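Residue numbers (this note's numbering): 631 to 750.
To start, the structure itself, in structure tokens.
Following this line, the structure appears as structure tokens:
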């Protein structure tokens, strides 16, 4: 399931997230967007420093995903969210983390390109 399908399911089934859940999504989305942007810049500029920055962001995204999962499970246990919403929340988090993994992989390509150029 991709992000578009999850969003469509959320809308079609009237799934609502709490304000806190939305804040957490926004934080995660901002981190992932930053990783994608910087990884593309690292490729365009063949900039190993930017590639290393993506590595750091990816570590932060992994930590945040674990933390946000725990937060959401706590909300589920306290009745602050529906089980249906809980599944969608976790699936969206997983998808965002995967997007960041792809950005991270792209940044490694930039590092390889930079290494090749320094060997010439």
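Beta carbons are placed, not taken as given, at the ideal position from N, Cα and C, and that holds for glycine.
Please read all numbers here as calculations on a predicted model, not as lab measurements.
Assignment of residue 711 by DSSP, reduced to helix, strand and coil, places it in the coil class.
Counting along the chain, residue 663 sits inside the alpha helix (DSSP H) bounded by residues 649-675. For residue 641, the enclosing alpha helix (DSSP H) starts and ends at 633-642.
Taking C-beta separations shorter than 6 Å and ignoring five residues to either side along the sequence, the partners of residue 734 in its chain run 684 and 688, following chain order. Under the Cβ criterion (8 Å, minimum of three pairs), the region 655-669 does not count as touching the region 702-712.
In the structure shown, residue 645 falls within a coil segment according to DSSP collapsed to helix, strand and coil. It is roughly 24 Å from the alpha-carbon of residue 714 to the alpha-carbon of residue 662.
Counting other Cβ atoms within 10 Å of its Cβ, residue 722 reaches 16 or more and is therefore classed as buried.
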